[in-house]
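S.K.: Heads up: take any position in the sequence shown, counting from 1, add 185, and you land on this note's numbering.
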Amino acid sequence: MLSILPPSGKNVINTIPPELLAEIFLKLLQDDDRDLHESTRPLVSRACHSDPLLFGHVCSYWRGVALQTPQLWSRICILKPQKSQVLLTELWLKRAGTHALDLSIWATTSDAVDESAAGKIVSLFLQRRQYWKSVSFVITSPILKRLSDSNLSEESLQILQSASIWLSRERQESLDSEVALENVWKAIHACKTLTYVDWRTFYRHSLPNHCPWAQLTGITLSSTLDFSRLVNILTMAPKLKFLQAHSICASLPEDLIACSAITHHYLEVLDMALKNEAGHLFRLLTLPALQILKIRNGFQKNCLRDIHAFQGFLERSQAEPLTKFELSDLLIHEDDVQSYLRTQGLQKLTSLTLCARITDATLALLAQTDGAGRHEILPSLQYLSLSTGDLVQAADGMLSKMIVSRRQGNLKKVSFATRGMGPIDQSTLRRLREQGLDGEKKPGFI
């Protein structure tokens, strides 16, 4: 309970109870839609454009509340470390006190990074390692060595839950860097509170034998996995709720034959980039808790999509309705796109992101309604993102006609690049935004 009493006076901002004012401050520090790419001061996060230091500039009352709210200072993000950030980082850490810390640093090999400043900031972070709750470090080899030499241990990382540590651009080519990063991950994996890891490409040859698989709820990795290794991860991590794999390829036939089908009861989010058609993988998986599915097909050549395997996977996995589906597939036939959209397991979607070549036929399908005016395909859709421009080869007006149709239903937000749109679509979509339709404010979008 904060003990600050507002001063007597008629200024409304000085009469807000301190507990409520602290909640307002925290609300103002929520993430925005756009990431920042550089800053000369510490940030709350890459996506937060507000600064807790500003609260103290309004009046002494606000400053007192801000100083006695450690949570305001407990998230620190450093982009391109510079000398100007060192003292401010020390100040934020002091004000955070014993509150659990969410720390990130992006120290790449670019010229904008001051290696000395980066080292000092990491040293400040290390002094508070017992309060680390989440760390995300994109670092160079000298900074990694500082981490490795700091004797990280289960005892010093008492509350660590989430860790993402990787070398930027260097690709772990140095043997010394390989050893140093392995030592850091070995210490992190020993934490009994650890639930999420982001290895990127580090464990690209084999999975770590010291990983606490049984306690993990989230994994991100960029090293290439075949279908059988992905299934093995799901088998070893029975509590997993989130899995993001940036490179998945087909297994050798003998490995696939030896791989057993699996039902994983907790996985809610599956995000995968595929190098091969995934019909064999979908036949192995049953995911009854799945709510979000993201598929990026990066095939080097066109091939038939095994829609039946995908539909069978969803049919087996429908204990919980899938609410969000993202498909990026530049070589897919439009007939297959429509087969995806008609899939029974997708009909309760509230969010659809589609990056594929589509024409009037797919737009007409999305606009199609029954006699009662209810959309026959994806009737609950609230968010829709379609890549346009060269990917949409439709008559001018068809895109906006579909949006107008959806606007009469549940649609609340859209995202479309304007490149390639005709004047009818552009003017209609602009009018819809003026009428309150939410459109993402990104360059090139309505």
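Built from N, CA and C at the ideal position, the CB exists for glycine as well.
Whole-angstrom Cβ separation of S432 and L410, contact assumed at under 8 Å?
M.R.: Indexing the sequence shown from 1 puts residue 432 at position 247. Indexing the sequence shown from 1 puts residue 410 at position 225. The Cβ separation is near 7 Å, so the contact holds.
S.K.: So I344 and T378 are in contact, right, with Cβ under 8 Å, and what is the actual spacing, rounded?
M.R.: As a working note, residue 344 is residue 159 in the sequence shown. As a working note, residue 378 is residue 193 in the sequence shown. With a Cβ gap of about 6 Å, I344 and T378 count as contacting.
S.K.: Report back the beta-carbon spacing between H449 and L472 to the nearest angstrom; my notes put them in contact at under 8 Å.
M.R.: Here residue 449 refers to the residue found at position 264 of the sequence shown. Here residue 472 refers to the residue found at position 287 of the sequence shown. With a Cβ gap of about 6 Å, H449 and L472 count as contacting.
S.K.: Who are C262's beta bridge partners in DSSP?
M.R.: Within the sequence shown, the letter at position 77 stands for residue 262. DSSP, once it has assigned bridges, lists L228, S289 as partnering C262.
S.K.: In angstroms, rounded to a whole number, what distance separates the CA positions of P423 and L264?
M.R.: In the sequence shown, residue 423 corresponds to position 238, counting from 1. In the sequence shown, residue 264 corresponds to position 79, counting from 1. Looking at the two C-alpha atoms, the distance is approximately 35 Å.
S.K.: Tell me the residue span of the alpha helix (DSSP H) that contains T547.
M.R.: Taking the first residue of the sequence shown as 1, we reach residue 547 at position 362. Unbroken alpha helix (DSSP H) run through T547: 545-552.
S.K.: Considering Cα atoms alone, identify which of S413, T380, I517 is closest to K426.
M.R.: In the sequence shown, counting from the first residue as 1, residue 426 sits at position 241. When only C-alpha atoms are compared, the closest one is T380.
S.K.: Is A422 helix, strand or coil by DSSP?
M.R.: Working through the sequence shown from its first residue, we reach residue 422 at position 237. Looking at A422 - three-state DSSP - the assignment turns out to be coil, as it is neither helix nor strand.
S.K.: Can A541 and I562 be called in contact, C-beta distance under 8 Å?
M.R.: For the purposes of this step, residue 541 is taken as the residue at position 356 of the sequence shown. For the purposes of this step, residue 562 is taken as the residue at position 377 of the sequence shown. In this structure, I562 does not lie closer than 8 Å to A541 by Cβ.
S.K.: Taking only the alpha-carbon atoms, compute the straight-line gap between V229 and P237 and give it to the nearest angstrom.
M.R.: Taking the first residue of the sequence shown as 1, we reach residue 229 at position 44. Taking the first residue of the sequence shown as 1, we reach residue 237 at position 52. C-alpha separation (whole angstroms): 8 Å.
S.K.: Secondary structure at M457, three-state DSSP: helix, strand or coil?
M.R.: One-based indexing of the sequence shown puts residue 457 at position 272. DSSP places M457 in strand when its eight states are reduced to three.
S.K.: Tell me where the beta strand (DSSP E) around G607 begins and ends.
M.R.: The residue labelled residue 607 in the question sits at position 422 within the sequence shown. Element bounds for G607: n/a, residue is neither H nor E.
S.K.: Hey, would you say K268 sits closer than 8 Å to D299, going by beta carbons?
M.R.: Looking up residue 268 in the sequence shown gives position 83. Looking up residue 299 in the sequence shown gives position 114. Against a cut-off of 8 Å, the Cβ pair of D299 and K268 comes out as a contact.
S.K.: Measuring only the C-alpha atoms, how far is S326 from P564?
M.R.: The count along the sequence shown starts at 1 and reaches residue 326 at position 141. The count along the sequence shown starts at 1 and reaches residue 564 at position 379. If I take the Cα positions, the gap works out to 51 Å.
S.K.: List in chain order: all unbroken alpha helix (DSSP H) runs of 4+ residues lying wholly within the segment 279-350.
M.R.: Whole alpha helix (DSSP H) segments, 4+ residues: 300-312, 326-333.
S.K.: With distances taken between CB atoms, is the gap from C444 to L469 smaller than 8 Å?
M.R.: Working through the sequence shown from its first residue, we reach residue 444 at position 259. Working through the sequence shown from its first residue, we reach residue 469 at position 284. Yes, the pair counts as a contact, with Cβ atoms nearer than the cut-off.
S.K.: Do you know how far the Cα of I543 is from the Cα of D581?
M.R.: Residue numbering aside, residue 581 sits at position 396 when the sequence shown is read from its first letter. Residue numbering aside, residue 543 sits at position 358 when the sequence shown is read from its first letter. Spanning the two alpha carbons is a distance of roughly 14 Å.
S.K.: Less than 8 Å between the beta carbons of V382 and L401, yes or no?
M.R.: Reading the sequence shown from its first residue, position 197 is the one you call residue 382. Reading the sequence shown from its first residue, position 216 is the one you call residue 401. The answer is yes: Cβ separation under 8 Å.
S.K.: Have a look at C376 and Q346 and give me their C-alpha separation to the nearest angstrom.
M.R.: The count along the sequence shown starts at 1 and reaches residue 376 at position 191. The count along the sequence shown starts at 1 and reaches residue 346 at position 161. So the alpha carbons of these two residues sit roughly 8 Å apart.
S.K.: Can you give me the C-alpha to C-alpha distance between S513 and E204, rounded to a whole angstrom?
M.R.: Within the sequence shown, numbered from 1, the residue matching residue 513 stands at position 328. Within the sequence shown, numbered from 1, the residue matching residue 204 stands at position 19. When rounded, the distance between both Cα atoms is 45 Å.
S.K.: Which of the three DSSP states, helix, strand or coil, is assigned to F387?
M.R.: The count along the sequence shown starts at 1 and reaches residue 387 at position 202. Three-state result, F387: coil.
S.K.: Along the beta strand (DSSP E) that carries E511, what are the first and last residues, could you check?
M.R.: By 1-based counting over the sequence shown, the position of residue 511 is 326. Counting along the chain, the beta strand (DSSP E) containing E511 begins and ends at 509-513.
S.K.: Take the Cβ of P266 as the centre, count every other Cβ of all protein chains shown within 10 Å, and call the residue buried at 16 or more, exposed below.
M.R.: Against the sequence shown, residue 266 aligns to sequence position 81. Looking at its Cβ environment, which holds 16 or more other Cβ atoms inside 10 Å, P266 is buried.
S.K.: Could you check what DSSP says for K533 in three-state terms: helix, strand or coil?
M.R.: Against the sequence shown, residue 533 aligns to sequence position 348. Coil, per DSSP.
S.K.: S289 and S321 - do their beta-carbons sit closer together than 8 Å?
M.R.: Counted from its first residue, the sequence shown places residue 321 at position 136. Counted from its first residue, the sequence shown places residue 289 at position 104. Yes. Within cutoff.
S.K.: For R248 and A207, I'd like the C-alpha separation in whole angstroms.
M.R.: Translated into positions along the sequence shown, residue 248 becomes position 63. Translated into positions along the sequence shown, residue 207 becomes position 22. Computed Cα separation, rounded: 11 Å.
S.K.: Could you spell out the range, first to last residue, of the alpha helix (DSSP H) harbouring S585?
M.R.: Position 400 of the sequence shown, counting from 1, holds the residue named residue 585. Element bounds for S585: 583-592.
S.K.: Could you check what DSSP says for G483 in three-state terms: helix, strand or coil?
M.R.: Your numbering for residue 483 matches position 298 in the sequence shown. Here G483 sits in coil by DSSP.
S.K.: In the DSSP output, what is F635 paired with across the bridge?
M.R.: The structure shown has nothing for residue 635, since the chain only spans 186 to 631.
S.K.: Bridge partners of K598, per DSSP?
M.R.: Translated into the one-based positions of the sequence shown, residue 598 becomes position 413. According to DSSP, K598 bridges with Y568, D623.
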